[in-house]
Amino acid sequence: MSKIVVSFSGGLDSTVLCATLLAERKYQSVLPVFFRYGSKHGQWEEEAARKAAEYFSLQLTLVDLCDAFSHTTSSLLAADRRPIPKTGYDSESMKHTLVPGRNLIFASFLAAIAESRQAEAMALATHTGDHCLYPDCRPSFNAALANAIMESSDGKICLLTPFETMDKTAIVAQGMRLGAPFHLTRSCYENQALSCGECGTCRERLAAFAANGTADPLVYQSQPEAGLF
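Under the working numbering, the first residue of the sequence shown is numbered 5, with each subsequent residue one higher.
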């Protein structure tokens with residue numbers, strides 16, 4: 005049975021990625037993996053990941069990396085007292101949300117899980133909107149990572165990054181075509197049940213839905229006026 009392992013945060017991008025892989029039917033089994041890493045919004049992401057996986061009738065694997073990330077700093081982490089930036093999704097405001105080595109560490113565990121479960125591939129939902137902000141989301145990183153995974157697995161595991169040339173607007177459009185469960189997803193970085201609507205990732209998400217001429221199905225605590233995303 006052909007299998008693919010997916011880094012699955014319960015966010016918009018990874019949910020559309022799962023919807024895409026299931027629609028393509030190239031793999032008989034899609035295995036979503038959620039990583040706990042001590043983020044402020046982690047409990048809400050995990051809840052979203054569980055609900056989205058259940059929607060797809062997929063078994064979610066949970067990996068706890070909180071201890072490992074206790075040695076890193078980022079405004080996304082619960083142990084860091086810096087507030088989440090409440091301005092646009094740009095390099096100046098979002099640089100504080102960089103978690104050093106996060107995707108590298110996630111990918112290493114994902115590769116190990118893929119090889120252990122006899123999967124053929126693993127997939128990440130990185131996209132163009134992340135390239136300027138996060139070094140471990142860029143095509144150059146993905147290319148190096150793909151080589152490293154291929155070498156470490158003795159040629160058994162390939163890395164897929166199908167959204168590498170797409171932005172959030174295009175991902176939303178694809179999710180709409182596939183009927184992805186956007187209402188179950190979580191993008192907000194704040195530690196609260198209701199998405200804030202003001203942090204950079206909320207603004208990026210809202211702008212992507214607006215660019216597609218439709219409303220985000222999520223209810224927000226605050227929604228920026230048009231043009232202020």
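Cβ coordinates follow ideal geometry from the N, Cα and C atoms, glycine included. Please read these numbers as outputs of a predicted model, since none were measured by experiment.
Only counting the same chain, and skipping five residues up and downstream in sequence, which positions put a Cβ closer than 6 Å to that of Leu-232? The residue you call residue 232 lines up with position 228 of the sequence shown. The predicted model places Leu-232 with a pLDDT of 46, which falls under 50 and marks its position as unreliable, so this point remains unresolved.
Once the 5 residues before and after Leu-188 are set aside, which same chain residues still bring their CB inside 7 Å of it? Sequence index remark: in the sequence shown, residue 188 carries index 184 (1-based). So the list reads Ala-52, Lys-55, Ala-56 and Tyr-59, once near-sequence residues are dropped.
Contact under 8 Å by Cβ, Met-170 with Asn-216: By 1-based counting over the sequence shown, the position of residue 170 is 166. By 1-based counting over the sequence shown, the position of residue 216 is 212. No, Cβ-Cβ distance for Met-170 and Asn-216 is not below 8 Å.
Contact defined as beta carbons within less than 8 Å: I believe Leu-163 pairs with Ile-153. What is the distance between those atoms, to the nearest angstrom? Translated into positions along the sequence shown, residue 163 becomes position 159. Translated into positions along the sequence shown, residue 153 becomes position 149. Here Leu-163 really is in contact with Ile-153; their C-beta atoms are around 5 Å apart, less than 8 Å.
Nearest to Val-223 by alpha carbon, out of Ser-199, Thr-205, Ala-212 and Ala-115? The count along the sequence shown starts at 1 and reaches residue 223 at position 219. Here the closest residue by C-alpha is Ser-199.
With respect to the beta strand (DSSP E) encompassing Thr-65, which residues constitute its N-terminal and C-terminal limits? Here residue 65 refers to the residue found at position 61 when the sequence shown is read from its first residue. Note, Thr-65: beta strand (DSSP E), 65-68.
Compare the beta carbon distance of Ser-74 and Pro-87 with 8 Å and say whether it is the shorter of the two. For the purposes of this step, residue 74 is taken as residue 70 along the sequence shown, with counting starting at 1. For the purposes of this step, residue 87 is taken as residue 83 along the sequence shown, with counting starting at 1. The answer is no: Cβ separation not under 8 Å.
Got a sec, what are the start and stop residues for the alpha helix (DSSP H) Ser-191 sits in? One-based indexing of the sequence shown puts residue 191 at position 187. In this chain, Ser-191 is not harboured by any alpha helix (DSSP H), its DSSP state being neither H nor E.
Roughly how far, in whole angstroms, is the beta-carbon of Val-9 from the beta-carbon of Cys-22, given that I think they are within contact range, below 8 Å? Here residue 9 refers to the residue found at position 5 of the sequence shown. Here residue 22 refers to the residue found at position 18 of the sequence shown. That pair is no contact at about 11 Å.
Start and end of the beta strand (DSSP E) containing Ile-8? Within the sequence shown, residue 8 is the residue found at index 4, counting from 1. That run of the beta strand (DSSP E) goes 7-11.
By Cβ distance, which residues of its chain are closer than 6 Å to Leu-108, with the 5 residues on each side in sequence left out? Within the sequence shown, residue 108 is the residue found at index 104, counting from 1. Contacts found: Asp-140.
Cutoff 6 Å; reference Pro-104; Cβ partners in own chain excluding five residues on either side: As a first step, residue 104 is located in the sequence shown; it is residue number 100 there, counting from the start. Closer than 6 Å at Cβ, skipping near neighbours: Thr-76.
Rounded to a whole number of angstroms, what is the C-alpha to C-alpha distance between Asp-220 and Arg-209? Position 216 of the sequence shown, counting from 1, holds the residue named residue 220. Position 205 of the sequence shown, counting from 1, holds the residue named residue 209. Asp-220 and Arg-209 have their C-alpha atoms some 8 Å from each other.
Nearest-angstrom beta carbon gap, Asn-195 and His-45 [assumed within contact, 8 Å]: Position 41 of the sequence shown, counted from the first residue, corresponds to residue 45. Position 191 of the sequence shown, counted from the first residue, corresponds to residue 195. About 6 Å; that satisfies the 8 Å criterion.
Considering just the uninterrupted stretch of the alpha helix (DSSP H) at Phe-145, what are its terminal residues? One-based indexing of the sequence shown puts residue 145 at position 141. 143-156 is the span of the alpha helix (DSSP H), which, as asked, contains Phe-145.
Spatial distance of Ala-125 from Gly-183 (CA atoms): Residue mapping note: residue 125 aligns to position 121 of the sequence shown, counting from 1. Residue mapping note: residue 183 aligns to position 179 of the sequence shown, counting from 1. Going by the C-alpha atoms only, they are around 24 Å apart.
What is the DSSP secondary structure of Met-180, counted as helix, strand or coil? In the sequence shown, residue 180 corresponds to position 176, counting from 1. Of the three classes helix, strand and coil, the one that applies to Met-180 here is helix, per DSSP.
Are the CB atoms of Phe-167 and Thr-218 nearer to each other than 8 Å? By one-based count along the sequence shown, residue 167 stands at place 163. By one-based count along the sequence shown, residue 218 stands at place 214. Not in contact: Phe-167 and Thr-218 (Cβ atoms no closer than 8 Å).
What's the call for Glu-28, buried or exposed, on a 16-neighbour Cβ count within 10 Å? Along the sequence shown, one-based indexing puts residue 28 at 24. Exposed: under 16 other Cβ atoms inside 10 Å.
Whether Leu-62 touches Phe-186 by CB criterion (8 Å): Locating residue 62 in the sequence shown gives position 58, where the first residue counts as 1. Locating residue 186 in the sequence shown gives position 182, where the first residue counts as 1. No. Outside cutoff.
If you count every other CB in all the chains shown that lies within 10 Å of the CB of Lys-30, and 16 or more means buried, which is it? Taking the first residue of the sequence shown as 1, we reach residue 30 at position 26. Lys-30 is classed as exposed because its beta carbon has fewer than 16 other beta carbons within 10 Å across all chains shown.
Alpha carbons only, please: which of Arg-40, Phe-38, Ser-13 and Lys-7 is nearest the one belonging to Leu-25? One-based indexing of the sequence shown puts residue 25 at position 21. For Leu-25, the nearest C-alpha among the options comes from Lys-7.
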